[in-house]
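To start, the structure under review is shown below, and the notes come after it.
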Amino acid sequence: MNTFNHTPDSQFQIIGFQQFHNIRIILFIFLLLFYIVIFIGNLFIVCLVTNAKDLHTPMYFFLSNLSLSDVLLTSNIVPNMLQILWTENGKVTLSGCILQFYIFGSISATECLLLTVMSYDRYQAICNPLKYSSVMTFRCCRGLITFCWAAGFTPTSPVAIGLSKLQFCHLNTIDHFFCDLAPFLELACTDISTVKMVSFSFSFLFTFFPFIFIIVSYAFIIHTILRIKSEKGRQKAFSTCSSHLAVVSLYYGTLFILYGVPSKKQSLSINKILSLFYIIVTPLLNPIIYSLKNREISKAFGRILRHAK
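Just so you know, we're using the working numbering here: the sequence shown kicks off at 1 and counts up by one.
Now the structure itself:
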């Protein structure tokens, strides 16, 4: 098969949702509304945590960073998706495609690490309450957040470099709504085994091990909660970690279904729907889950409204 000598300006065509061409305007409106809600909802969490002194605690510090990562994740993909739907023009350069993949992969890895750090915070709060304030200091929290963002943007770099060195076929159509790795690699005419091995290794390292850490943390948390004699005490202890547990279940559940099931067993349409769920629904529900299940956020918001009046 013929290949072309690609340059950073080589053009690729993202198909998007061609199968929904007849309802593309309706789809555009819904996605735009969802994006606005995601943007406002998550920035609301970031601003609320920043301005409400009652929320200057490790748990909310980590939550604000998770909300920030959700904003960055959706902003990396959804605006371009909306542009493709509106103009029906999915042209993207090779450098632009690799950059979008790099940001998507890096933020996804960062979110895995943030959820892990949040589980460690809940473990310390419930299993070691007397030592919590001395362990989860501001310096410790700042170091953990710095690690999450720095480490999250590290593993995707060698994969992105590997993609830039591949030769691609003349068929340059990406059957997806963004530059995800699998449909991008399908266009390569040269050996992709090294890129796939590096991608799998880092994905395993930054998803599986954090997930195991979260499972172990919650095993200790549940064990500690069950040892509390009063029912009221058990309910109070569980309420402090229920929101995080719900977000972890939603995040990893979608992630494992999307990337854990072999691509050959999923149709392209199903893969797109699952990707859309991961990019849209998860960031949409995160602030809702924390707002509905957390009295501190509701109280802090109420106080800010009263002061504003």
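Just so you know, even glycine gets a beta-carbon here, dropped at the ideal spot from N, CA and C. Everything numeric in this text was worked out from a predicted model, so none of it was measured.
Which partner residues of residue i appear in the DSSP bridge assignment?
i: A12; result: Here residue 12 turns out to be Phe, not Ala, going by the sequence shown. The partner list for F12 (beta bridge, DSSP) reads V92.
i: I174; result: I14
i: A188; result: F168
What would DSSP say about residue i, mapped onto helix, strand or coil?
i: F104; result: helix
i: T207; result: helix
i: C169; result: strand
i: A313; result: Outside the displayed span of the chain (1 to 309) sits residue 313, for which this structure offers no information.
i: C295; result: As written in the sequence, residue 295 is Arg, which differs from the Cys given in the question. Correct three-state label for R295: helix.
i: C179; result: coil
i: K196; result: helix
i: I257; result: helix
i: R234; result: helix
i: R340; result: In the structure as shown, the chain begins at 1 and stops at 309. Residue 340 is therefore absent and cannot be evaluated.
i: T57; result: coil
Would you mind sorting residue i into buried or exposed? The rule is 16 or more other CB atoms within 10 Å of its CB.
i: K53; result: exposed
i: T146; result: exposed
i: N65; result: buried
i: M1; result: Reliability of the predicted coordinates at M1 is poor, the pLDDT of 48 falling under 50, and the value obtained from them is presented with this limitation in mind. Label assigned to M1: exposed.
i: S201; result: exposed
i: A125; result: buried
i: K265; result: Annotation note: pLDDT 48 at K265 (below 50); position unreliable, no value reported.
i: S230; result: exposed
i: L31; result: buried
i: Q235; result: exposed
i: R139; result: exposed
i: L226; result: exposed
i: A219; result: exposed
i: I98; result: buried
i: H56; result: exposed
i: S133; result: exposed
i: Y290; result: buried
i: L63; result: buried
i: G41; result: buried
Within its chain, find whatever has a CB closer than 7 Å to the CB of residue i; leave out the 5 residues flanking it on each side and keep chain order.
i: H21; result: none
i: C112; result: F206, T207, P210
i: N149; result: The sequence given here places Trp at residue 149; Asn does not occur at that position. Counting only Cβ-Cβ distances below 7 Å, and skipping sequence neighbours, we find T110.
i: Y252; result: F211
i: T194; result: G162
i: F238; result: I225
Which residues in the same chain have their Cβ closer than 6 Å to the Cβ of residue i, if we skip the five residues on either side of it in sequence?
i: I215; result: none
i: L144; result: V117
Within a Cβ cutoff of 8 Å, which residues of the same chain sit near residue i, ignoring the five residues on either side of it in sequence?
i: V198; result: P158, V159, G162
i: L81; result: According to the sequence provided, residue 81 is Met. The question's Leu does not apply to it. G16, L31, F177, F178, listed in sequence order.
i: K272; result: F17, H176, F177
i: E296; result: D54, L55, Y60
i: I257; result: L274
TODO: Just list the alpha helix (DSSP H) runs in the segment 111–161, keeping only unbroken ones of 4 residues or longer that don't cross its boundaries, in chain order.
DONE: 132–135, 138–152
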